[in-house]
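Asks: Structure below; questions to follow.
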Amino acid sequence: MVPMDVGSFDFHAVERAIETLGWSGEVRWACTFFDRLWGFGRSDFSGEGSESCVLVFPHCGSVHTCGMRFDLDIAFADGDGRIAKCVEGVDGWRVVSCPGARFALERRSPVREVSRTS
Numbered sequence: 297m298v299p300m301d302v303g304s305f306d307f308h309a310v311e312r313a314i315e316t317l318g319w320s321g322e323v324r325w326a327c328t329f330f331d332r333l334w335g336f337g338r339s340d341f342s343g344e345g346s347e348s349c350v351l352v353f354p355h356c357g358s359v360h361t362c363g364m365r366f367d368l369d370i371a372f373a374d375g376d377g378r379i380a381k382c383v384e385g386v387d388g389w390r391v392v393s394c395p396g397a398r399f400a401l402e403r404r405s406p407v408r409e410v411s412r413t414s
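The opening position of the sequence shown corresponds to residue 297 in the numbering used here, with each subsequent residue numbered one higher.
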């Protein structure tokens with residue numbers, strides 16, 4: 297479902313970026329303050345089915361992985377969906393940035409599945 301509260305945004309750019317990355321799965325949007333703060337740490341984003349989920353952060357050039365119990369692949373794209381930066385297997389308590397990015401994408405990393413405890 298495409299959110300209505302992201303202002304002027306090219307949703308096809310997100311589709312192009314996901315296709316370029318070769319990622320697949322349900323696309324979920326992190327638009328509210330708390331969705332963006334918690335990301336995959338939110339129970340409804342990290343529960344069953346999240347292994348095949350791509351989380352979109354509109355108007356975002358920096359993300360954190362604080363409190364994550366699994367590694368993430370993080371990508372940033374411009375307004376046309378061209379990938380500006382992609383980092384795979386980012387573990388917890390990191391910050392990844394890409395100044396000028398129009399949006400960020402996250403998914404659970406299939407590269408290195410790590411089980412962490414709190």
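All residues carry an ideal CB built from backbone N, CA and C; glycine is no exception.
What you are looking at is a predicted structure, and each value in this text was computed from that prediction instead of being measured.
Just mark residue 362 as buried or exposed, buried being the case when its beta carbon has 16 or more other beta carbons within 10 Å.
Replies: Here the question's residue 362 lines up with position 66 in the sequence shown. Looking at its Cβ environment, which holds fewer than 16 other Cβ atoms inside 10 Å, residue 362 is exposed.
Asks: What's the gap between the Cα of residue 368 and the Cα of residue 324?
Replies: Here residue 368 corresponds to residue number 72 of the sequence shown, with the count starting at 1. Here residue 324 corresponds to residue number 28 of the sequence shown, with the count starting at 1. Their Cα atoms are separated by approximately 15 Å.
Asks: Looking at the unbroken alpha helix (DSSP H) that takes in residue 315, where does it start and where does it end?
Replies: Numbered from its first residue, the sequence shown carries residue 315 at position 19. Residue range 307 to 317 is occupied by the alpha helix (DSSP H) that includes residue 315.
Asks: Can you tell me whether residue 319 is buried or exposed? The criterion is at least 16 other CB atoms within 10 Å of its CB, across all chains shown.
Replies: Numbered from 1 along the sequence shown, position 23 holds the residue referred to as residue 319. Residue environment analysis places residue 319 among the buried positions, since at least 16 neighbouring C-beta atoms fall within 10 angstroms of its C-beta.
Asks: Just grab the DSSP bridge partners of residue 333 for me.
Replies: Walking along the sequence shown from the start, residue 333 turns up at place 37. For residue 333, which the question treats as bridged, DSSP gives no partner whatsoever.
Asks: From the DSSP output, read off the bridge partner residues of residue 405.
Replies: Position 109 of the sequence shown, counted from the start, is the residue given in the question as residue 405. Bridge partners of residue 405: none, in fact.
Asks: Pull up the distance between the alpha-carbon of residue 304 and that of residue 313, whole angstroms please.
Replies: In the sequence shown, the residue the question calls residue 304 occupies position 8. In the sequence shown, the residue the question calls residue 313 occupies position 17. Each residue's Cα considered, the two are about 17 Å apart.
Asks: Give the secondary structure of residue 304 by DSSP, where H, G and I count as helix, E and B as strand, and everything else as coil.
Replies: Looking up residue 304 in the sequence shown gives position 8. Under the three-state reduction of DSSP output, residue 304 falls in the coil class, being neither helix nor strand.
Asks: Ignore the nearest five residues each way along the sequence and tell me which others in residue 316's own chain have a CB closer than 6 Å to its CB.
Replies: Taking the first residue of the sequence shown as position 1, residue 316 is located at position 20. If you ignore the 5 residues before and after residue 316, its C-beta comes within less than 6 Å of the C-beta of 379, all in its own chain and listed in chain order.
Asks: If we require 4 or more residues per run, which alpha helix (DSSP H) segments fall completely within the segment 349 to 390?
Replies: none
Asks: Are the CB atoms of residue 322 and residue 349 within a distance shorter than 9 Å?
Replies: Residue numbering aside, residue 349 sits at position 53 when the sequence shown is read from its first letter. Residue numbering aside, residue 322 sits at position 26 when the sequence shown is read from its first letter. Yes, these two residues count as a Cβ contact at 9 Å.
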